[in-house]
Amino acid sequence: MTLDIPTTVARFARVRPTAPAATLGLRVVSFAELDDAGNRAARSFATLGLGAGDTIAWWAAPSLRALDGFLGAGRVGAVFAPLNPSLPAAELAGVLDYVAPRLLVTDLEHLDEAEQLAREREIPLAVFDADGMVPGADLDALCARLSPEPLGVAIDDTAPHILYLTSGSTGRPKGALVSHRASWLRSAAGGGTFGQAMRGRAGLVTGFPLFHYGGWHYVMEAWQNGRAIHLVHRADPVELLTAVERWRASAFYAIPAVWERVLDATDVQADLSSLFHADTGTSRVSPTLLERIRTRVPQATTTVLYGTTEAGSMARLHDAHAHLDTRPGSVGLATPPGVLWTAEDGEIRVASPTLMNGYLDRPEDTAQVLGDGVYYSGDVGHIDEDGYLFITGRVSEMIRSGGESVWPTEVEAALRGLPGCADYAVVGVPDDRWGEVVCLAVSSAGGPVPDVEAVRRLLDGRLARHKHPRMVVGVPAIPRTAATGQVQRRALSAQIAGA
1 MTLDIPTTVA
11 RFARVRPTAP
21 AATLGLRVVS
31 FAELDDAGNR
41 AARSFATLGL
51 GAGDTIAWWA
61 APSLRALDGF
71 LGAGRVGAVF
81 APLNPSLPAA
91 ELAGVLDYVA
101 PRLLVTDLEH
111 LDEAEQLARE
121 REIPLAVFDA
131 DGMVPGADLD
141 ALCARLSPEP
151 LGVAIDDTAP
161 HILYLTSGST
171 GRPKGALVSH
181 RASWLRSAAG
191 GGTFGQAMRG
201 RAGLVTGFPL
211 FHYGGWHYVM
221 EAWQNGRAIH
231 LVHRADPVEL
241 LTAVERWRAS
251 AFYAIPAVWE
261 RVLDATDVQA
271 DLSSLFHADT
281 GTSRVSPTLL
291 ERIRTRVPQA
301 TTTVLYGTTE
311 AGSMARLHDA
321 HAHLDTRPGS
331 VGLATPPGVL
341 WTAEDGEIRV
351 ASPTLMNGYL
361 DRPEDTAQVL
371 GDGVYYSGDV
381 GHIDEDGYLF
391 ITGRVSEMIR
401 SGGESVWPTE
411 VEAALRGLPG
421 CADYAVVGVP
431 DDRWGEVVCL
441 AVSSAGGPVP
451 DVEAVRRLLD
461 GRLARHKHPR
471 MVVGVPAIPR
481 TAATGQVQRR
491 ALSAQIAGA
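For the sequence shown, this note's numbering assigns the number 1 to the initial residue and increments by one for each residue that follows.
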């Protein structure tokens with residue numbers, strides 16, 4: 001049996017054709033409309049010469065058209081690569097060099113930069129929502145004149161269908177390739193947020209963007225349950241709360257940092273009585289936040305989820321409030337069908353059919369995290385006698401801030417030439433809102449410590465904003481190894497924590 005999301009959408013287009021499949025702002029698309037648009041997109045990609053194994057990069061502002069592109073790519077056997085629309089051109093150039101797409105799709109807002117980057121790399125360009133003559137292919141015109149009937153291409157469900165970009169060990173991009181089958185199993189009906197109690201209820205609001213694994217996971221999970229995914233342009237409290245009220249959503253998922261902003265927006269009056277689930281996870285969830293969620297939506301159950309782009313959901317804690325006194329800080333039990341354990345050094349490992357195929361053209365990086373069907377998470381933790389997992393730290397030095405990965409050396413490289421900084425280093429500092437925040441430590445021997453806003457302004461246009469430091473601290477000296485001069489980040493983190 002072939003397991004893939006495009007087939008799931010086609011099934012609901014038959015059995016629930018007029019039911020909403022997705023919304024963004026006031027725009028609504030039904031399952032039948034989505035299925036037709038996906039078929040037209042598939043035929044458009046085939047007309048442009050795209051097929052099995054080809055990569056289609058999507059760089060555009062938030063739009064329901066991304067859903068068409070996702071389905072269309074899947075239906076021709078191509079790999080859909082959603083890219084962060086706020087990436088500076090210099091960073092995007094490196095991403096395109098790495099991903100080497102056979103097609104770059106963009107919108108009018110990003111057209112000028114996309115055209116130049118595509119031309120320099122001889123990448124074919126397709127444009128949508130451009131209202132007129134465009135360089136490259138006019139995706140709107142192509143879709144309009146092609147049939148909405150299925151293309152009928154046989155799909156290998158073990159082949160990758162989507163590429164999620166994450167950071168590498170040197171700050172270079174890594175693309176996690178996830179197969180049709182793995183995505184289907186990660187989002188299978190009855191799992192995750194949409195457990196048995198959610199059957200027959202309304203859709204889900206999420207603040208995750210559609211260049212992030214979390215965004216696409218909840219898109220697919222909603223569709224697997226025949227429900228709508230309610231998307232937002234940005235993770236803004238007003239937009240999120242408005243979406244919950246407008247669509248009478250049954251579920252809401254946000255990372256802790258977004259939940260904090262939502263709960264702090266006390267001036268926004270929104271009816272949240274429809275919520276049955278109020279979920280969170282990805283980074284550390286404090287008991288204080290769980291209590292605040294319960295106070296705001298007392299009728300809702302909260303599930304804490306722990307997972308990664310590479311493996312999907314690895315553990316989940318249902319009804320987290322019930323465990324506040326007995327298991328504070330736990331992220332729950334292993335997510336079926338995965339098997340979870342900790343190695344001798346405490347590293348959390350999982351064996352599951354939901355694992356990624358590997359990183360695109362990064363065999364060494366792949367070998368570090370995958371082996372014999374096992375994923376090495378890089379997180380350290382322990383499992384209690386009842387099987388509940390607790391995370392205590394990370395093997396690697398990767399900073400996890402607000403669900404995003406940030407590598408310190410990448411930030412340090414971008415900060416070269418920072419005025420008044422003779423020596424500096426970047427580390428992650430624990431934070432209840434973000435899980436960790438990027439912290440710039442500067443040797444005070446070099447003079448006054450720079451202002452954090454000045455540092456962030458320096459990085460504008462160099463790095464995506466989630467990689468910018470949120471703290472700048474002065475330290476007597478940056479601890480380094482005598483032999484190689486490498487930053488001793490654990491010692492530096494302890495120094496900052498004790499300051």
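In this text, a Cβ means the ideal position worked out from N, Cα and C, and glycines have one as well.
Which term fits residue i, buried or exposed, when burial requires 16 or more other beta carbons within 10 angstroms of its beta carbon?
i	result
Glu344	exposed
His217	buried
Arg433	buried
Val268	exposed
Glu453	exposed
Ser352	buried
Ser330	buried
His233	exposed
Leu26	exposed
Arg14	exposed
Since residue i and residue j are thought to touch, with beta carbons under 8 Å apart, how far apart are those beta carbons, to the nearest angstrom?
i	j	result
Thr354	Gly312	4 Å
His382	Thr392	7 Å
Ala176	Thr309	5 Å
Ala66	Glu109	Not a contact, Cβ separation roughly 13 Å.
Trp259	Thr280	6 Å
Leu142	Thr47	6 Å
Ile348	Asp384	Contact flag wrong, Cβ pair sits at about 14 Å.
Leu104	Val95	Between Val95 and Leu104 the Cβ distance is about 11 Å, and since that is not below 8 Å, they are no contact.
Ser183	Met133	About 37 Å separates the two Cβ atoms, so there is no contact after all.
Gly72	Ala41	3 Å
Leu370	Leu163	Wrong, their Cβ atoms sit about 16 Å apart, outside the cutoff.
Below 7 Å between beta carbons: does that hold for residue i and residue j?
i	j	result
Thr106	Val79	no
Val473	Ile496	yes
Ala300	Leu275	yes
Ala57	Val29	no
Ala22	Leu64	yes
Gly338	Val350	yes
Thr50	Arg102	It is Leu, not Thr, that sits at residue 50 in the sequence shown. In contact: Leu50 and Arg102 (Cβ atoms closer than 7 Å).
Pro6	Gly74	yes
Pro256	Leu290	no
Phe31	Arg16	yes
Ala118	Leu111	no
Val449	Ser493	no
Asp4	Ile229	no
Leu317	Val297	no
Tyr306	Ala315	yes
Arg201	Ser250	yes
Val455	Cys439	no
Asp224	Thr2	Note that residue 224 is Gln in the sequence shown here, rather than Asp. No. Outside cutoff.
Ala265	Gly207	no
Sorted by chain position, which residues of the same chain lie with C-beta nearer than 6 Å to residue i's C-beta, five sequence neighbours on each side aside?
i	result
Ala10	Asp35
Ile293	Ala278, Thr302
Arg227	Gly203
Ser169	With a pLDDT of 44 at Ser169, under the threshold of 50, the modelled position of this residue cannot be trusted, and the question is left open.
Ala89	Glu113
Asn39	Pro148, Pro150
Thr18	Ser30
Val374	Arg349, Ala351
Lys467	Val406, Val411
Does chain B have any CB closer than 7 Å to the CB of residue i?
i	result
Ala477	No chain B appears in this structure, which consists of one protein chain only.
Quick one: what's got a C-beta closer than 7 Å to residue i's C-beta in the same chain, skipping five residues either side?
i	result
Ala414	Leu459, Arg462, Leu463
Ser179	Asp157, Thr158, Ala159, Pro160, His161, Asn357
Arg186	His217, Gly312, Ser313, Thr354
Asp271	Glu245
Leu287	For the record, residue 287 in the displayed sequence is Pro; it is not Leu. Cβ within range, chain order: Leu324, Pro328.
Glu397	Pro408, Arg489
Pro135	Glu115, Leu125
Which one or two residues does DSSP pair with residue i in a beta bridge?
i	result
Phe80	Ile56, Ile162
Arg501	Limits of the chain in this structure are 1 at one end and 499 at the other, which puts residue 501 out of reach.
Thr301	His277
Pro328	In the DSSP output, where bridge partners are listed per residue, Pro328 has none listed.
Val473	Ala441
Val105	Trp58, Ala126
His382	Phe390
Lys174	Thr166
Glu344	DSSP output for Glu344 lists no bridge partner at all.
Asp138	Val127
Tyr424	Val442
In its own chain, which residues sit with a C-beta less than 8 Å from the C-beta of residue i, not counting the 5 before and 5 after it?
i	result
Asp475	According to the sequence shown, residue 475 is Val rather than Asp. Cβ neighbours of Val475 beyond the five flanking positions: Ala441, Val442, Ser443, Ser444, Leu492, Gln495, Ile496, Ala499.
Glu239	Val232, His233
Phe211	Pro82, Leu83, Asn84, Pro85, Leu165
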